[in-house]
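Engineer:
Residue numbers (the numbering used here): 2 to 403.
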């Protein structure tokens, strides 16, 4: 189909012509991503088959997943080059010309915070918090689960410092020397503190987590655009360095938060001691509420630790579970927003006495195999007192009888 010149100066291209022009471009972009990932894919497959001696299972699913990775990378890189980076650079060019310093700094802070919130790695960091036990590393648990959002503000501050450096032609070296010196001193001191020692790894990891595929292109393009207006000789060559600050400031923020909260959280200890009455205020401080702490104990701690949460009184615990089973709002505060959270926990993780306290009977759809009360008589008379009965249940649960 021939190309036609329209009156407005625009050229109308037919579908087949557009396809012929577009296909080589797409081929080049996809080929570049194949070359980028082919080596690591080949290495992993060869290592698994030749060194480990394990055959590649589900090859079709893996191939489909790799195809999605290659296509996703191609689309992502194209989006960066055509959309995200030009947008950041244009804003960097126009912002110093049309706005005063306070507006520039406020915009830079919001941009750094917003871009970091959009980072996929931030979600991964929050998900990793669920694998940390509160009694093993209380300070690390607190920052990952309760204050993880504070990390993004450090990137906003870093972008503000970067903009000030561009606008006033400050050198990057004093920033790096001062920050690295402080971080090294922090890290050495943290080695001698049990709580801070667990936090050190998170702090240095945050330098990479907060500077990912969304933040880096935006702040780089913004810096280059600003430097083209206010930099020496009107070039953007001095627009680099803000990513370094965006990596170092979150590390400093995590360590500073660790020092700030260190006196408010308990030291690492075993499960039962963590949930004991003596440590109760410190344990509650790691959660948003006392109910959330109780739910965490039921979902993650063993029967002995759950008993310690109720001062060793098994009947008190069972009474608490009975009340939860009879109320609608209370179970959501303890076991989360799921309607069947309490019942699901009792069926999958509860002891026999806990299941009866929740369901009222052993015959319940959540429990596929469960003893009826008539079967319990065959086990012999129960131990006297709620506490002794629950302790006996804990022993049976631990030995695999429940």
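Just so it is clear, CB atoms sit at the ideal spot from N, CA and C, and this is done for glycine as well. Keep in mind it's a predicted model, so treat the numbers as computed, not measured.
1. Would you report the Cα separation of residue 292 and residue 324, rounded to the nearest angstrom?
2. Grouping DSSP H, G and I as helix and E and B as strand, with all else coil, what is residue 11?
3. How many Å lie between residue 299 and residue 60 at the Cα?
4. Going by beta-carbon coordinates alone, are residue 358 and residue 310 separated by less than 9 Å?
5. Flag this pair as touching only if the region 115 to 127 and the region 141 to 156 have three or more C-beta atom pairs under 8 Å; answer yes or no.
6. Under 7 Å Cβ to Cβ from residue 251, same chain only, skipping five residues before and after it: list those, please.
7. Pull up the distance between the alpha-carbon of residue 171 and that of residue 163, whole angstroms please.
8. Does the contact criterion of 3 or more C-beta pairs under 8 Å hold for the region 45 to 59 versus the region 173 to 188?
9. Evaluate residue 272 with the Cβ neighbour count: other Cβ atoms within 10 Å of its Cβ, from every protein chain shown; 16 or more gives buried, anything less gives exposed.
10. How many angstroms separate the CA atom of residue 37 from the CA atom of residue 86?
11. DSSP state of residue 311, grouped into three classes?
12. Alpha carbon to alpha carbon, how far is residue 95 from residue 44?
13. Decide if residue 248 is buried, meaning its Cβ has at least 16 other Cβ atoms within 10 Å, or exposed.
14. Could you tell me which of 169, 125, 92, 123 sits nearest to residue 109, measuring between CA atoms?
15. Since I believe residue 280 is in contact with residue 267 (beta carbons under 8 Å), could you give me their beta-carbon distance rounded to a whole number of angstroms?
16. Is the region 70 to 77 touching the region 26 to 41, taking contact as three or more C-beta pairs under 8 Å?
17. By how many angstroms is the C-alpha of residue 134 removed from the C-alpha of residue 64?
18. Given a cut-off of 9 Å, decide if residue 339 and residue 360 are closer than it, judged by their beta-carbon atoms.
19. Quick check on the DSSP output: the alpha helix (DSSP H) that includes residue 109 runs from which residue to which?
20. Whole alpha helix (DSSP H) runs in the region 18 to 92 with 4 or more residues, listed along the chain?
21. In angstroms with no decimal places, state the Cα-to-Cα distance between residue 372 and residue 289.
22. Could you check how far apart the C-beta atoms of residue 242 and residue 145 are, in whole angstroms? I think they sit under 8 Å.
Structural biologist: Looking at the atomic coordinates:
1. 13 Å
2. coil
3. 40 Å
4. no
5. yes
6. 152, 155, 156, 207, 208, 211
7. 9 Å
8. no
9. buried
10. 21 Å
11. coil
12. 47 Å
13. buried
14. 92
15. 6 Å
16. yes
17. 36 Å
18. no
19. 102 to 118
20. 60 to 80
21. Residue confidence for residue 372 is low, a pLDDT of 41 falling below 50, so the modelled location carries little weight; the figure read from the coordinates is stated next. Their backbone Cα atoms lie some 37 Å apart in a straight line.
22. About 29 Å separates the two Cβ atoms, so there is no contact after all.
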